[in-house]
Structure formats: structure tokens, C-alpha cells
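>
Number of protein chains: 2
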Amino acid sequence: MSSYVEENYLKAIYKLTERNKDGAYTNDIAYELNVKPGTVTEAIKKLGEKGLINYEKYKAVTLTKAGKMIAVKTIRKHRLWEVFLVEKLGFKWDEIHPMAEELEHINFEELTERLDNFLGHPEFDPHGDPIPNKDGVFSNHKSVKLTSIALNTPVVMTGIENHTTSFLQHLDKLGLKLGVQVAVKEIVDFDKSVLVSVNGKKGFYLSHDIAHNILCK
Amino acid sequence: MSSYVEENYLKAIYKLTERNKDGAYTNDIAYELNVKPGTVTEAIKKLGEKGLINYEKYKAVTLTKAGKMIAVKTIRKHRLWEVFLVEKLGFKWDEIHPMAEELEHINFEELTERLDNFLGHPEFDPHGDPIPNKDGVFSNHKSVKLTSIALNTPVVMTGIENHTTSFLQHLDKLGLKLGVQVAVKEIVDFDKSVLVSVNGKKGFYLSHDIAHNILCK
DNA sequence: TATAATATTTAGGTTTACCTAAATGTATTT
DNA sequence: AAATACATTTAGGTAAACCTAAATATTATA
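Residue numbers (the working numbering), protein chains in the order written: chain A, 60 to 276; chain B, 60 to 276.
What follows is the structure, given as C-alpha cells:
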């Protein structure tokens, strides 16, 4: 199995396992990777034989220590390249994902470490996601959803939980980027939408759905 | 055929055609890419059908305009990444080839152009090879081999014609890097080795083989 | 608990990019 | 020009990563 494909499976399983502690299901992995379930069964059997995941027929799979390390290192590379693309090449946060998706599979440890150094050892990527260090350790975030912030309590926007282009572009349009100060001024009883102020100035209403995907500290 | 494989075939054919105007031979392509001749026959047939090369049974192949453009763009990406690796990440010129060999296959035009811009539109890579512009046009070099420089005529080292690690490391050891001033002080009749001065200081003898792989202007 | 719904696996197939080895074509030499 | 050497192609095969569709497990529901 090529490292390209392998890393994508492990990354998908990592992501799904974060959401569902039991592990990752065949169908969900298939959806995540845009392949058919039968293809996934074949792949996870091989990853099991390689000792990268714990595979038992008809059960959700989990990563072994070795598999988790590969997944996390792939995430590390992805996020470091995203920082490079934004900080050094001037791309916008909604443009970088497809490029990082390719760059993350370039495996030269020295390249990754020198890139990290060149970028000044960033702790977070342009979307506010933490970048694991070379041993696979994440610095802790401790941010919470905007929907759980008390009224009139100023907080700083630190991340997002949805990475779709349309969501990112909409936030741009609203001036909602990482680092801005936000406060919830009102929660609309009818639809749970929230009135927010941005950097002190009177702001606008955000749907519950949007507010729910914004992380603050 | 994946763009990864395709680009490698076209690059190999480009390189071989530079050496031999007739075109590239099956066996040579196979040697260049570390595959067997039968594999090459299969591949060049497909590239012919795609209109990227001119293929006729038992004849040397040449690139079509379209094929040449892909080859040159791959070379452009390769050399730009090499500049990045040396100028920004601090790698040495003998370490970068394998990394650039992977990075060159990442195909996002905007990425390439922004990288070029970030690097200040370099004209040459760390080995002194010219970097084609985005239309595939090379700036002209006009450098000549050190073996053809007249006695006591100071010139500047601008490139090399051998990219092996051992050659590059040997040049490093001798202090022969791009930009140094070199002059041929003596040509030894016995073995055609040359005595060179480097940056004005009395230098050392270089074998004809080494001198023949050094380019100057 | 039997049945229906859903998830997973299996079986059989395709394409790509490689292989080996035999067959055929081209070039060189005597 | 025949024989030999060498290059190229063809034929048949493999492994990886995908597919569809049928078969089998598991889970949920009546």
C-alpha cells in the first residue's frame, strides 16, 4: 500500500475516532475518503496485518500506537504546509486545503523539521487547529464553542469546527477571523441565533449553526 | 497514466533529447527511470496516443509541443523548489534533489507562481541550471566548460554538468561553489589536468574529468 | 423473537504500472 | 548477403487500489 493511500486511511480513521471513541466504521471511512465500502474492507485488513490499526471483522477499527503516530505526523505536515501557504505565500485560509492535502504526503523528516523551524515553530495552523510537535504531542487548546459563551463576556476567536470553503468565505465577509474579540450580546429565543459584537463594535446576528462552528477562548 | 508517472517519462525524454537530437531511445528511457524496456514501450505508446510524444515503432521518440510544455513545467517546479530548499530552509546543494523530485509533481499553478514570486523570480537553481519562466522559456546561459577556458583568464563559476552527490560534495570540499572566480594557471600535458586559482588565491589541480563538468562564464 | 433495515464482507472484475522472457525487428560485421 | 549482436516489442503475469453486486452479519423494530 503506497504511503499516500496509507496515510489517508490512517488520517480518516484518526479523525473519525476523535468524534466516536469506539472507533471508525467502514462506511464512515468510505464516505470520508470517497471510496466504496468494499474498498475500505480490503484496505483496513491490510492495515491490520501491518499493525497500524486494530481490525476485527464487523467491528469499528482503532489505531495502534504506530498507526496513530503516522496519522499525527501527517496532520503535522499538513498544518505546517498550511502555515507556509498563508504566512509565506499569501494564500487565504479558504484556498489552502487541497494543496496541503498533497504536500502532507512528502516524507522527508529533515524537510518537515526545517520547515517547522523556518515558520518559527507555529502552534496553530491558519484555521486555529493545533500543530503536533515532532513527537506527535498536541499543545492544548481548551477553547469552547461560541454558543456556550455567557452573555456580554468578551472572548477571542481561536478556531473553527467546519473547514468548508463556503463557511470560511462567509466568515471572511463578516470580518470574523482568528484573533478578533467577540461577545455575545443576545441569544434569540426563537431560533437560537446570536447577536455578536466584533472588536467592540456593534455586530450582527449569526445563526446558531454558524455560532456553533466558531471556537473561542 | 498518473501525472506523476507521466511527468517523469516526459522529463526523461526531454533530458535524453537534449543530449541526442534524434530523440530518446526505449533502452535509455528505461535506464533513466529505473524500469524495464518493456514497461517503457507500453508507456510511450500511451503517451503517443495522448499526443504528448511522437511515437513510431522502433524509432527514437521526441516530444510534441504539448509534451515539451509539461516536461519544462516540471523542470520549472523542480528547480524552484530547489531554490526554496536551499535559500529558505538552508539545505545544502547535495541534499535537495530527492525532495525536489517529489515536490515537482505537485500541480497547482497558483502555488508555483506564488513560490516563484516568494523566491524573487530566481533565474537559476542552486546548481546553476536555468529556471524556465511560466511560459516555458529559458533564459540563456552561454557558459562554457572550464576545460575550454584560455590560460590565465579569470572567469566565474556558473554551473555544473554532473549532479551526483559525490561530485557536489567534492566541490564543496574544494571551496568550488557558484560565483567563485576561477582561472586556469596550467594545463598538464600528461593527463590534461588543470591547475586552477580560486578567488585569486593559488589553488590546486583538478582532473580533466572534474574540470570538464564545471561551467564558467 | 422473528423480521426488516442497515452495515460489512466477499467474490469477481478493471486499470495502471510494473515485471520476465520470448519473439521480432534493426544494425553491424565479416 | 548472411550471421551475429543488439534494441524493441509482444505476450502473459503480478500487485495495488479501485469498482459493482451478491452474500452474510449485526442491529433495530414490530
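We put the beta carbon where it would ideally sit given N, CA and C, even for glycine.
Taking only beta-carbon positions, decide if residue 101 of chain A is within less than 8 Å of chain B.
No, residue 101 of chain A lies away from the interface with chain B (no Cβ there is under 8 Å from its Cβ).
> Quick one: what's got a C-beta closer than 7 Å to residue 100 of chain A's C-beta in the same chain, skipping five residues either side?
Counting only Cβ-Cβ distances below 7 Å, and skipping sequence neighbours, we find 85.
> With residue 184 of chain A and residue 142 of chain A assumed to form a contact (beta carbons below 8 Å), what rounded beta-carbon distance in angstroms separates them?
Going by Cβ atoms, the distance from residue 184 of chain A to residue 142 of chain A rounds to 6 Å, so yes, they are a contact pair.
> Among the residues of its own chain, which have a CB less than 6 Å from the CB of residue 264 of chain B, if the five just before and after it don't count?
Excluding positions up to five away in sequence, the list reads 252, 254.
> Does residue 183 of chain A have its Cβ less than 8 Å from a Cβ in chain B?
No, residue 183 of chain A does not count as interfacial toward chain B.
> Are residue 154 of chain A and residue 178 of chain A closer than 8 Å when you measure CB to CB?
Against a cut-off of 8 Å, the Cβ pair of residue 178 of chain A and residue 154 of chain A comes out as no contact.
> Between which two residues does the alpha helix (DSSP H) carrying residue 97 of chain B extend?
96–108 is the span of the alpha helix (DSSP H), which, as asked, contains residue 97 of chain B.
> Name the chain B residues that come within less than 7 Å of residue 147 of chain A, Cβ to Cβ?
The answer, in chain order, is 177.
> Is the region 189–209 of chain B touching the region 150–166 of chain B, taking contact as three or more C-beta pairs under 8 Å?
The region 189–209 of chain B is not in contact with the region 150–166 of chain B.
> How is residue 198 of chain A classed by DSSP in three states: helix, strand or coil?
Residue 198 of chain A: coil per DSSP, three-state reduction.
> So which residues of chain A does residue 158 of chain B contact, with C-beta pairs closer than 8 Å?
Within chain A, the residues near residue 158 of chain B are 165, 167, 170.
> When the cut-off is 8 Å and only beta carbons count, does residue 138 of chain B lie next to chain A?
It does not; no Cβ of chain A falls within 8 Å.
> Might you give, ordered along the chain, the residues of its own chain that have their beta carbon closer than 6 Å to the beta carbon of residue 8 of chain A, omitting 5 neighbours on each side?
Because chain A here runs from 60 to 276, residue 8 of chain A falls outside it and cannot be looked at.
> So with Cβ pairs under 8 Å, would you call residue 78 of chain B a contact of chain A?
No, residue 78 of chain B lies away from the interface with chain A (no Cβ there is under 8 Å from its Cβ).
> Does the beta carbon of residue 173 of chain B sit closer than 8 Å to a beta carbon anywhere in chain A?
Cβ-Cβ to chain A under 8 Å: yes for residue 173 of chain B.
> Can you name the residues of chain A whose CB is closer than 7 Å to the CB of residue 162 of chain B?
Chain A residues near residue 162 of chain B: 165.
> Count the other CB atoms, across all protein chains shown, that sit within 10 Å of the CB of residue 214 of chain A; report buried if there are 16 or more and exposed otherwise.
Label assigned to residue 214 of chain A: buried.
> For residue 204 of chain B, list the residues DSSP reports as bridge partners.
Per DSSP, B/274.
> Identify, in the order they occur along the chain, each residue of the same chain with its Cβ nearer than 6 Å to the Cβ of residue 102 of chain A, setting aside the five sequence neighbours on each side.
Result list for residue 102 of chain A: 68, in chain order.
> Is residue 119 of chain A buried or exposed, if buried means 16 or more other CB atoms sit within 10 Å of its CB?
The residue in question, residue 119 of chain A, is buried, as its Cβ has 16 or more Cβ neighbours within 10 Å.
> Would you kindly report the start and end of the unbroken alpha helix (DSSP H) that includes residue 225 of chain A?
Element bounds for residue 225 of chain A: 224–233.
> For residue 128 of chain B and residue 197 of chain A, what's the separation of their Cα atoms in angstroms?
Going by the C-alpha atoms only, they are around 43 Å apart.
> Taking 8 Å as the threshold (C-beta atoms), are residue 91 of chain B and residue 80 of chain B in contact?
Result no, Cβ atoms of residue 80 of chain B and residue 91 of chain B do not sit closer than 8 Å.
> In angstroms with no decimal places, state the Cα-to-Cα distance between residue 110 of chain B and residue 98 of chain B.
Distance between the alpha carbons of residue 110 of chain B and residue 98 of chain B: 19 Å.
> Bridge partners for residue 113 of chain B per DSSP, in chain order?
According to DSSP, residue 113 of chain B bridges with B/121.
> Which one of B/227, B/206, B/221 has the shortest CA to CA distance from residue 248 of chain B?
Comparing Cα positions, the closest option is B/206.
> Cβ atoms of residue 239 of chain A and residue 258 of chain A: under 8 Å apart, would you say?
Yes, the Cβ-Cβ distance between residue 258 of chain A and residue 239 of chain A is below 8 Å.
> In whole angstroms, what is the alpha-carbon distance linking residue 82 of chain B and residue 107 of chain B?
The alpha-carbon atoms of residue 82 of chain B and residue 107 of chain B are separated by roughly 14 Å.
> Helix, strand or coil for residue 209 of chain A, going by three-state DSSP, please let me know.
Residue state, collapsed to three classes: coil.
> For the alpha helix (DSSP H) containing residue 245 of chain B, name the first residue and the last one.
That residue, residue 245 of chain B, is in no alpha helix (DSSP H); its beta strand (DSSP E) goes 240–246.
> With a cut-off of 8 Å on the beta carbons, I'd call residue 216 of chain A and residue 233 of chain A a contact; round off their distance for me.
That belief does not hold up - the Cβ atoms of residue 216 of chain A and residue 233 of chain A are roughly 11 Å apart, past 8 Å.
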